[in-house]
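Enquirer: Before I ask anything, here is the structure I am working with.
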Amino acid sequence: MNRKRRVWPLMLALVTLLGTLPTAAGRASAEPAASAAAPQIVNGGFEADFWADRSWNVATDDWEQAEVSRFAYAADSWITKNEGGHALKYWIKDAAVSTRSVTVSQSVYDLPAGRYELTAQSMGGAGAEAGQVQLFAGTAAGIEQATTGYNGWNKRSLEFTLGEPVSELRLGAYVSGQAKAWGYLDDLRLTRIGADKVQPVQADIFVQKVEGLGSGFIKGVDVSSVTALERSGVVFRDAAGTPTDLFATLHQSGVNYVRVRVWNDPYTADGQGYGGGDNDLATAIDIGRRATANGMKVLVDFHYSDFWADPAKQQTPKAWAGYTPEQKGEAIYAYTKNNLQQMRAAGVDVGMVQIGNETNGFFVGEKEWKAIAGMFAQGSRAVREADPSILVALHFTNPESSGRYANYAAELAKHNVDYDVFASSYYPFWHGSLGNLTAVLKQVADTYGKKVMVAETSYAYTAEDGDGHGNTAPKESGQTLDYPISVQGQATSVRGVIDAVAQVGAAGIGVFYWEPAWLPVGPAAELAGNKALWEKYGSGWASSYAAEYDPHDAGAWYGGSAVDNQALFDFAGRPLSSLNVFKYVDTGAVAPLRVDAVRSVGLSVKAGEPVTLPATVEAVYNDGSVRPLPAAWDEAALNAAIQQGPGRYVIGGTAEGGHPVSAVLEIKLANLLSNGSFEQADRSMWHIAYGEGRIPHTAYQNKESDAKSGRYSLHFYSSEGTDFRIEQTVSGLAPGYYDLSMSIQGGDFTQGDLKLLASSGDQARQASAAVHGWQQWDEPKISGIRVEDGRITVGASVYANAGAWGTLDDFYLTFARELETTPPSPGGGTPTDPAPKVPEAPQPAVPANPTPTLPPSPVVTPVPAQPAVPAVPGNEPVVPAQPGGEPSAAAQPYMQGYPDGTFRPAKAVSRAELAAMLLRVSGGPAAAASANAGPSAFGGATGAAGAPVAAANAAAKAAAAGAGGAAKPPAGVGYADVAADSWAAEAVRAVTESGWMRGTGADAFGPNRPVTRAEMAAVLARWKALPAAGGAGLESAGFSDTAGHWAAGDLARARQAGYLRGLPDGRFEPDRALSRAEAAAVFNRVLGRTLPAAPDASRWPDVPAGHWALADIEAAAGDSSR
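Here the sequence shown stands for residues 2 to 1123, where the numbers follow this note's numbering.
So, in structure tokens, the structure goes:
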């Protein structure tokens, strides 16, 4: 912040030269101290107008760039007021060119010798908008501390000693900040300290005392992994390195509560553990007894799942599969009561029970609040009957999400759920400011009379990975890291969370640190050995055996500890100083002042621009203060980066005192898109279109943790399925080749299609994208986009299942190289026409259960479709389908819902499912068998078979390239990826032999690959033997985005036949996956079915009455009203 340490006597002498407002002389505005033992500050709460009574002297170094006012709390309905009705408010204006300062001071008179404490309450902006507050009294100055966010009130204090009486002492607060910094001061007090005043202890870290902590405040830890770790050879030690009991060390460090998770059955049928500690009841009892023996109470965290439960995963235990919500409630009651009885019989001192883990509107597979509340109530009833003195807690997360906790608490009250404690997870790098945490917990406590606490928190002390598995934090983007990654930063973070809960008042009962002892089972260099231990003892977060229960997360990412760098012990098992924060918050702790971290510098420039690294860097000291230090950079490395050009470089350097420092330099080619990362308020250059019948379900979101860079991103989510396209068109480009990229992250994606798109002239390019979880960014790229006319349209299409979510960010278009003088030839020699443009193949996607899951097959790029050979000479006119066009199959249902009663209209149709539907709607000998084969996910109805399969059109079979392109196997030979006893085997064989569909390779059908809309057109052309149209007619029948597409001819034929319809803007989106709702609409048109009247209510819970395809779905599945 470019500010040096100040000599306060000189500073105070200069106050009148820095814009001090006039004050009355002498003591006219201040009353003398009431007594020597109780000195008074006048108007310490700013209740009186200090501008009028001149009780406070306010100065700034530039009144044009700073603003100070007396603020009435009543002016802001959302603010948490600290004391009284007013406060002092300051603001460093947006136009400030450097750090600005404000001094607030007054004189106190006739003070006797002794020890004093000056305190103030402070709240304000976070990060770059934070105010730096430093108290002073005479020549004594406190540490400079930053505000932590809206409603994040913190007490600032300064203790000082007067060796002899003084007649006048000037005291107050010094505030500074960069442009946009803001904050409030309130309740300044001066008190004389008696001999019984608790003094901070000498330590090797700074910890500010937390005021208002009672003896019963919970200082807890969750050490659920400890048993598996010790079995894997992990040894816990004391500070001297001597092996010791972990629980004894915890208790000695101030911990008074231990949390332990319990899973119902975290094992395979043959006893292989899922990992994560293999936390069954026996393990929980073992941990609980050890905690009790060391004087700590126990919180039992029932997940009511066989493995991890969190907002995205609330899977029903294996033993409860198929239960109704009422049956699940009864099972929860019996399971909870029985387990508690066993734990108490074993001598475990249970003080609290958690009914579920991070149950954000999702619990034991249920998402309706009536069902969730009923199961909560059953768990609570079990606890009350086991022991009425045990507290009942409900646990949620994402406090940063506006209104979330207020809504949850309201639902719990609405359904009369009996509980004592509303618990929250709070990870500071994800979950917003401490001030917000206090505010949302206080709202619940004040409104509903509940106790509140933080059930999980943690922070990293090192960026090093201890076991080779990788860690959740720190990450380069998407995380807010307000504290240094150090032992001191970790301690400061924990202290801040404890203080935030204490700020709630008496209802704030405690904080638990999550897995402070989940250490590496071996060094990162011995990964193979670590993996063996994780698998054998369950000491990693998940073992490979968990794939049977959680295939998409644990099955894909199983491994070791993801939080070993967030432990309160080092990798060798010795306790860190930060473990003592649990006892230091009672007294405070001080240490010798030293640099704790030097902040890295980030610099982004365009290629060719001059690069100048800063002469000073910001040093964060262990007391929380921030001061500039001179820095010298590696000039050779800097010059080499500049010479090399565009790229990302880390330039090393050294700050004063020998502290290493780094600068991340990004040299970019100019982004030719406007507002590619959505940071600017004007986003009119971006155009978003939604699928047929879809309401808007995207938003430009201001949330740093969901953005790749900056604060804004395009967020998407829909409970009915996501279907949108975002585009920007750029004109005036120089002819040449261009590169395009974007960033995408998200989750809960089981079906659909994600693509980065670019088109110029008659060329359309695309690149597949994927989502792997929150903040796991995928960055698809398209290179070498040829632009001849200076115009390009870029963007993305997102088509996904209901409940999928994510964000798009950082679209980037750059010039790559000039066009060749002569157009490129496909094979050398004389230039010829360019080869047919073939789109990049979509990535395989595995449908969600209950579709049988087969290993994904390689996807073969579709070959360009050729004009269909007419069955008879000449081109016959195409006649649109008429009602009754398929008399034998017209009335037969060919789709059905899922066992859970849903239809899943947005779910993508797989190739196997399409084959089954074709067989169903065509009738045929195999249709009856197919109708009753396999799970209902493939969409077949369970009705009677129709008429025999009509003979396939010979000409169509001869011309068929298939919806996937490759030749079919010889007659009588099956596909390698379609087992003979597969539910879809007969359908696949029938459509292959009929020539309606072909394989994706020489011996592969790709049964689980989604069908694109273009592939559906190709199937229709083959199935219905659609004749070719004449040139102009065919061209006019196309869509605005299908020219040059491999299936353009088939698309035009199917449109002419009346089978296909485009989007309102004339596009068709040929490469998007075909949804079940769209398939129903297409088949109904082909069959000429008369649609039932739109019903007032829907029998499908996921297809509302107003859904665009409800009538088509009823016709496809058979209208239940008939």
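We put the beta carbon where it would ideally sit given N, CA and C, even for glycine. Please read all numbers here as calculations on a predicted model, not as lab measurements.
Report all residues from its chain with a CB closer than 7 Å to the CB of Gly973; omit the five preceding and five following residues, and keep chain order.
Expert: Its pLDDT being 38, under 50, Gly973 is placed unreliably in this model, and the value from its coordinates should be taken loosely. For Gly973, where only same-chain residues beyond five positions count, there are no Cβ hits under 7 Å.
Enquirer: What is the DSSP secondary structure of Gly560, reduced to helix, strand or coil?
Expert: DSSP places Gly560 in strand when its eight states are reduced to three.
Enquirer: Can Leu89 and Ser102 be called in contact, C-beta distance under 9 Å?
Expert: Contact flag unset, no.
Enquirer: If you draw a straight line from the alpha carbon of Ala446 to that of Ser99, how long is it in whole angstroms?
Expert: Approximately 42 Å between the Cα atoms of the pair.
Enquirer: Grouping DSSP H, G and I as helix and E and B as strand, with all else coil, what is Gly653?
Expert: Note: Gly653 maps to strand in three-state DSSP.
Enquirer: Tell whether a beta-carbon distance below 9 Å holds between Glu728 and Gly796.
Expert: Going by C-beta atoms, Glu728 is nearer than 9 Å to Gly796.
Enquirer: Let me check one thing: in DSSP terms, what residues is Gln342 bridge-paired to?
Expert: Paired residues: none, contrary to the question.
Enquirer: Does the Cβ-Cβ distance between Ala985 and Ala916 come in under 9 Å?
Expert: Yes, these two residues count as a Cβ contact at 9 Å.
Enquirer: Which partner residues does Ser911 have in the DSSP bridge list?
Expert: According to DSSP, which records beta bridges pairwise, Ser911 is partnered with Pro1011.
Enquirer: Label Glu1115 either buried or exposed according to how many other C-beta atoms from any shown protein chain fall within 10 Å of its C-beta, with 16 as the threshold for buried.
Expert: Answer is buried; the Cβ neighbour count reaches 16.
Enquirer: To the nearest angstrom, report how far apart Ala507 and Glu412 are at their CA atoms.
Expert: The straight-line gap from Cα to Cα measures roughly 24 Å.
Enquirer: Please report how far the alpha carbon of Arg1014 lies from the alpha carbon of Ser923, in whole angstroms.
Expert: Going from the Cα of Arg1014 to the Cα of Ser923 covers about 20 Å.
Enquirer: Which of helix, strand or coil does DSSP assign to Pro485?
Expert: Correct three-state label for Pro485: coil.
Enquirer: Could you check what DSSP says for Ala568 in three-state terms: helix, strand or coil?
Expert: Ala568: coil per DSSP, three-state reduction.
Enquirer: How about the stretch 218 to 236 and the stretch 507 to 520: do they share at least three Cβ pairs that are nearer than 8 Å?
Expert: As far as the Cβ criterion goes, the stretch 218 to 236 touches the stretch 507 to 520, which means the pair count is three or higher.
Enquirer: Using three-state DSSP, classify Lys319 as helix, strand or coil.
Expert: Helix, per DSSP.
Enquirer: Would you identify the three-state DSSP class for Asn361, choosing helix, strand or coil?
Expert: Asn361: coil per DSSP, three-state reduction.
Enquirer: Let's test the definition: count the other Cβ atoms within 10 Å of the Cβ of Asn339 and tell me whether it reaches 16, buried, or not, exposed.
Expert: Label assigned to Asn339: exposed.
Enquirer: Taking 8 Å as the threshold, find out whether the stretch 608 to 620 comes into contact with the stretch 498 to 513 through three or more Cβ pairs.
Expert: Touching, no, given that fewer than three Cβ pairs across the two stretches are closer than 8 Å.
Enquirer: Just confirm the distance between the C-beta atoms of Thr148 and Val167, as a whole number of angstroms; I'd bet it's less than 8 Å.
Expert: Actually they do not touch by this definition, with Cβ atoms about 31 Å apart.
Enquirer: Does the stretch 380 to 388 come close enough to the stretch 322 to 342 that 3 or more CB-CB pairs lie under 8 Å?
Expert: As far as the Cβ criterion goes, the stretch 322 to 342 touches the stretch 380 to 388, which means the pair count is three or higher.
Enquirer: Starting from the Cα of Ala555, find the closest Cα among Tyr739, Val582, Trp309 and give me that residue.
Expert: Checked all of Tyr739, Val582, Trp309; the closest Cα to Ala555 is Trp309.
Enquirer: Going along the chain, which residues of its own chain have a beta-carbon closer than 7 Å to the beta-carbon of Ala73, five neighbours each way excluded?
Expert: Here the set comprises Gly86, His87.
Enquirer: Considering Cα atoms alone, identify which of Arg238, Ala598, Gln644 is closest to Thr655.
Expert: It is Ala598.
Enquirer: Could you give the uninterrupted runs of the alpha helix (DSSP H) lying entirely in the stretch 178 to 237, keeping only those of 4 residues or more?
Expert: Runs of the alpha helix (DSSP H) inside the stretch 178 to 237: 227 to 232.
Enquirer: Got a sec, what are the start and stop residues for the beta strand (DSSP E) Arg262 sits in?
Expert: 258 to 263 is the extent of the beta strand (DSSP E) around Arg262.
Enquirer: Which same chain residues, not among the five before or five after Glu169, have their C-beta less than 7 Å away from its C-beta?
Expert: Same-chain partners within the cutoff: Ser108, Tyr110.
Enquirer: Would you tell me roughly how many angstroms separate the C-alpha atoms of Val879 and Pro1093, rounded to the nearest one?
Expert: Its pLDDT being 31, under 50, Val879 is placed unreliably in this model, and the value from its coordinates should be taken loosely. If you take the alpha carbons of Val879 and Pro1093, they lie about 26 Å apart.
Enquirer: What does a CB cutoff of less than 8 Å around Glu84 pick up in its chain, not counting 5 residues either side in sequence?
Expert: Correct list, in chain order: Gly46, Gln122, Asp187, Asp188.
Enquirer: What do you reckon, are the CB atoms on Ala424 and Gln355 nearer than 9 Å?
Expert: Contact: yes.
Enquirer: Quick one: what's got a C-beta closer than 8 Å to Arg232's C-beta in the same chain, skipping five residues either side?
Expert: Excluding residues within five positions, the ones whose Cβ falls inside 8 Å are Tyr538, Ser540.
Enquirer: Under 8 Å, with one C-beta from each stretch per pair, do the stretch 685 to 702 and the stretch 658 to 667 reach the 3-pair mark?
Expert: Short answer: they don't touch.
Enquirer: Counting only runs that start and end within the stretch 421 to 447, where is the beta strand (DSSP E) found for 3 or more residues in a row?
Expert: List check, beta strand (DSSP E) in window: 422 to 426.
Enquirer: Decide if Pro640 is buried, meaning its Cβ has at least 16 other Cβ atoms within 10 Å, or exposed.
Expert: The sequence shown places Asn at residue 640, not Pro. By the neighbour-count rule (16 or more Cβ atoms within 10 Å), Asn640 is not buried but exposed.
Enquirer: Identify the continuous alpha helix (DSSP H) that holds Leu528 and give its terminal residues.
Expert: 528 to 538 is the span of the alpha helix (DSSP H), which, as asked, contains Leu528.
Enquirer: Please report how far the alpha carbon of Pro475 lies from the alpha carbon of Pro113, in whole angstroms.
Expert: The alpha-carbon atoms of Pro475 and Pro113 are separated by roughly 51 Å.
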